[in-house]
Amino acid sequence: VGAAASSGGISAMLGIEGLLGTSADYPNIVFAQEVIGALHLATGLPWWVCIAGITVAGRLLVFPVVLFQQASAARLTAAMPEIQQIEIEYQAASTLYKDPGAHQRRKTKMAAVYAEYNCH
670 VGAAASSGGI SAMLGIEGLL GTSADYPNIV FAQEVIGALH LATGLPWWVC IAGITVAGRL
730 LVFPVVLFQQ ASAARLTAAM PEIQQIEIEY QAASTLYKDP GAHQRRKTKM AAVYAEYNCH
């Protein structure tokens, strides 16, 4: 086990070397390794601090997007009863009555609901 681990790492030890390719096949992984390595070299901090710091920084950068998405989801949830009613009316008009203008009325009503709830 020691020889396999030293010659090819864990993938050699498990007998799966080459199964997933090399790290060069995954440019996002290479980029992440380069960023962590550059931070480690520039600051001299331990690896675990660099990894934790980049994780926290990434989450802080994404946090405003998460807040925006949650607010949008809440507005859409508030509009859902009206949207469902419009869909029920559209289904009845298009399938039961074969109304040719049903699709356009549905689009107009949906646009009005989205504008009213600011979820567009």
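Numbering (this note's numbering), first residue to last: 670 to 789. Here a beta-carbon is modelled for each residue, glycine too, at the ideal position from N, C-alpha and C. Just so you know, these numbers come straight off a predicted model, no measurement behind them.
Non-local C-beta neighbours of Ser-741 in its own chain, meaning closer than 7 Å and more than five positions away in sequence, comprise Cys-788, ordered along the chain. In the structure shown, the three-state DSSP call for Gly-770 is coil.
For Ala-771 against Tyr-759, the beta-carbon gap comes to about 6 Å, under 8 Å, which counts as contact.
When only Cα atoms are considered, Arg-744 and Tyr-786 end up about 6 Å apart.
Contact between Arg-775 and Ile-757 does not hold, since their C-beta atoms are separated by about 11 Å, which reaches or exceeds 8 Å. Cα atoms of Leu-710 and Gln-739: separation of roughly 38 Å, rounded to the nearest angstrom.
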